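Just so you know, the protein sequences line up as chains A and B, in that order. According to the numbering used here, the first sequence is numbered sequentially starting from 73. According to the numbering used here, the second sequence is numbered sequentially starting from 73. The C-beta atom is built at its ideal place from N, Cα and C for all residues, glycine as well. A quick note: this is a predicted structure, and the numbers were derived from the prediction, not measured.
Number of protein chains: 2
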Amino acid sequence: MPEIEIVLCEPLYEGNIGFTARVMKNFGFYNLTLINPPPIGDEAIARSSHARDILENARHVSSLDEVIKESNILIATTGEVSKTVSNSMRMPYYAPSELRDIIENLNGRVSILFGRENWGLSNEEVAKCDIICTIPASHIYPIINISHAVGIIVYELANIKRGTYELASRTEMDALYDHFNIFLDAIDHQEYKRENTLIMLRRIFGRNALTIREVSTFHGLLRRAENQIRGITKDKE
Amino acid sequence: MPEIEIVLCEPLYEGNIGFTARVMKNFGFYNLTLINPPPIGDEAIARSSHARDILENARHVSSLDEVIKESNILIATTGEVSKTVSNSMRMPYYAPSELRDIIENLNGRVSILFGRENWGLSNEEVAKCDIICTIPASHIYPIINISHAVGIIVYELANIKRGTYELASRTEMDALYDHFNIFLDAIDHQEYKRENTLIMLRRIFGRNALTIREVSTFHGLLRRAENQIRGITKDKE
């Protein structure tokens, strides 16, 4: 992955800058550049929460050209609304989920631009960008708050895989079904129903992959039931 | 898709409720339920922006059980931090991108729960849920603001496809390469370089699918160059 920089272009509200810093850190991004930001005060700091470091280390510049000078690829994020067939400057555009594929093999610095809260990026700014990215949104109300837009982009770019949990293997599942078979003996399940019951159990557990822990819990439940039944039977003898 | 409801479980800050309403509307979700929310005031209204309708129509309830009564499936969203192998209650869990596949064929109402800003959902609340969903985040700072977490979930569930733009067909691209070939004649391109140059042009344009409009712009550029050259040649004669 190239070095990625989030650039807020003349943001109006410090609160949005704080939230942007926070959501960047949530997904492991640290380079924030602010073009002509408002004064950074208590609200930005409060909203940045544990990402105050990103806020304090943010690069402040006074023009987009300063960003361009040190960047290899510029990506403009634009709203759905500005898209018309006639506006070729903002075409073709990519969805956030496509962005990762486009940039992951690039070297150098990729700067992702987010426009002002009230009117986004100007045509001049967009014209200077290499790639256009649009977050697909509802046509009823497509204007996404800037920090939420950043959040979705960094979420997609981070593409952090969810942690894995150990699913039970085929052998472990078969052992569980075998145990159920023994359990059916213990509860004196009617023999003519047995095959269908075993298939049904396979269907139920098959459509919900079980973790190793869940399988072991089930063995425990069956074992306790068997022990109880055995105890009762013994008492009767 | 089932009817989807976003449930904020005892949110502390009205601002987050406003932002939640806004980002829900951005992705076409309208059902918001608030369990014991703080008073909804100016800050919530300001942050909801054009989603004030969602804020005003939000259902207010005083316990999770009221949500459960009218819901078919409950999904708990939990932070990465709470995940340990020993905490089987919060396992197995799914990523937001997996959630859509799980619920899209369900009927009825699916309620997606988001916990308090300071300590999330309680174990008791998680225990009442059918499915666990976790947004994969950086281990350095995984605590995502509640409205940003909602944003990522609704973005994934909406799965709105980006608008399409008409890409040039194979025939149109071939016509463009043919035009370049004529252009090479016009500029008196050295014959021994021609094949390689044509291949290089194919490689450049091939890795960036062109829109119909872009192709037509290129034809225009080539044609103008050819006309100029022809004019100059004519002047010389």
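{"Check": "Coil, strand or helix - G303/B by DSSP", "Outcome": "helix"}
{"Check": "Inter-residue Cα distance where the pair is L106/A and I140/A", "Outcome": "13 Å"}
{"Check": "Touch test, the segment 180-194 of chain A against the segment 180-193 of chain B, Cβ-Cβ under 8 Å, three pairs minimum", "Outcome": "no"}
{"Check": "DSSP state of T283/B mapped onto helix, strand, coil", "Outcome": "strand"}
{"Check": "Nearest candidate by alpha-carbon position, reference H132/B, set E244/B, R296/B, I78/B", "Outcome": "I78/B"}
{"Check": "Proximity below 8 Å, CB of D229/B to CB of I76/B", "Outcome": "Note that residue 229/B is Leu in the sequence shown here, rather than Asp. Yes, the pair counts as a contact, with Cβ atoms nearer than the cut-off."}
{"Check": "Reduced DSSP category for S158/B - H, G, I as helix; E, B as strand; rest coil", "Outcome": "A caution first: S158/B carries a pLDDT of 46, below 50, which makes its placement in the model too unreliable to give a value."}
{"Check": "Coil, strand or helix - E170/A by DSSP", "Outcome": "helix"}
{"Check": "Limits of the unbroken beta strand (DSSP E) element including N103/A", "Outcome": "103-107"}
{"Check": "Neighbourhood of S158/A by C-beta, 7 Å cutoff - its chain only, sequence neighbours within 5 removed", "Outcome": "Unreliable placement is indicated for S158/A, whose pLDDT of 46 sits below 50; the coordinate value is still reported in the next sentence. Within the same chain, S158/A has no close Cβ partners at all."}
{"Check": "Cβ neighbours of F255/A in the same chain (closer than 7 Å, five flanking residues each side left out)", "Outcome": "L294, A297, E298"}
{"Check": "8 Å CB neighbourhood of I30/B in its chain, flanking five on each side removed", "Outcome": "Since the first residue of chain B shown is 73 and the last is 309, residue 30/B is not available in this structure."}
{"Check": "Rounded separation between L136/A and S135/B - CA only", "Outcome": "50 Å"}
{"Check": "Reduced DSSP category for S183/A - H, G, I as helix; E, B as strand; rest coil", "Outcome": "strand"}
{"Check": "Close Cβ partners of A118/B (< 7 Å) along its chain, the five nearest in sequence each way excluded", "Outcome": "G90"}
{"Check": "Where A148/A sits in the DSSP three-state scheme", "Outcome": "strand"}
{"Check": "Closest by C-alpha distance to V198/B, when choosing among P110/B, E170/B, P164/B", "Outcome": "P164/B"}
{"Check": "In DSSP terms, what C81/A is bridged to", "Outcome": "I107/A"}
{"Check": "Cβ of P110/A within 8 Å of any chain B Cβ", "Outcome": "no"}
{"Check": "Start-to-end residues for the beta strand (DSSP E) that takes in I112/B", "Outcome": "Run containing I112/B: none; DSSP gives neither H nor E here."}
{"Check": "Strand pairing of Y165/A, partner residues [DSSP]", "Outcome": "I204/A"}
{"Check": "Given 8 Å, three or more beta-carbon pairs between the segment 241-257 of chain B and the segment 274-285 of chain B", "Outcome": "yes"}
{"Check": "Close-in-space but distant-in-sequence residues of the same chain around R181/A (CB under 7 Å, 5 per side omitted)", "Outcome": "P74, E75, E77, E142, S143, N144"}
{"Check": "Cβ-Cβ distance between P83/A and I218/A below 8 Å", "Outcome": "yes"}
{"Check": "Nearest to V95/B (by Cα), restricted to the options V222/A, D202/A, A167/A", "Outcome": "V222/A"}
{"Check": "Three-way DSSP call (helix, strand, coil) for L294/A in this model", "Outcome": "helix"}
{"Check": "H132/A, DSSP secondary structure in three states", "Outcome": "strand"}
{"Check": "Candidates Y264/B, N280/B, H251/B, of which the one nearest G292/B by Cα", "Outcome": "H251/B"}
{"Check": "Bridge partner(s) assigned by DSSP for E75/B", "Outcome": "R181/B"}
{"Check": "Sequence-distant residues of the same chain with beta carbon closer than 6 Å to N103/A, five excluded per side", "Outcome": "E77"}
{"Check": "Residues, ordered as in the chain, of the segment 215-231 of chain A that lie near chain B by beta-carbon distance below 8 Å", "Outcome": "I215, I216, N217, S219, H220, G223, I224, Y227, A230"}
{"Check": "Spatial neighbours of S326/A in its chain, beta-carbon cut-off 6 Å, leaving aside the 5 residues before and after", "Outcome": "The displayed coordinates of chain A run from 73 to 309. Any statement about residue 326/A would go beyond what the structure contains."}
{"Check": "Cβ-based burial, E128/A [other Cβ within 10 Å; buried from 16]", "Outcome": "exposed"}
{"Check": "Best match in A281/B, D202/B, D260/B, N253/B for proximity to A148/B [C-alpha to C-alpha]", "Outcome": "D202/B"}
{"Check": "Cutoff 8 Å: G100/A Cβ touching any chain C Cβ", "Outcome": "Annotation note: the requested chain C is absent from the structure, which comprises protein chains A and B."}
{"Check": "When R266/B, A130/B, I174/B, N280/B are compared against A281/A, the one with the closest alpha-carbon", "Outcome": "I174/B"}
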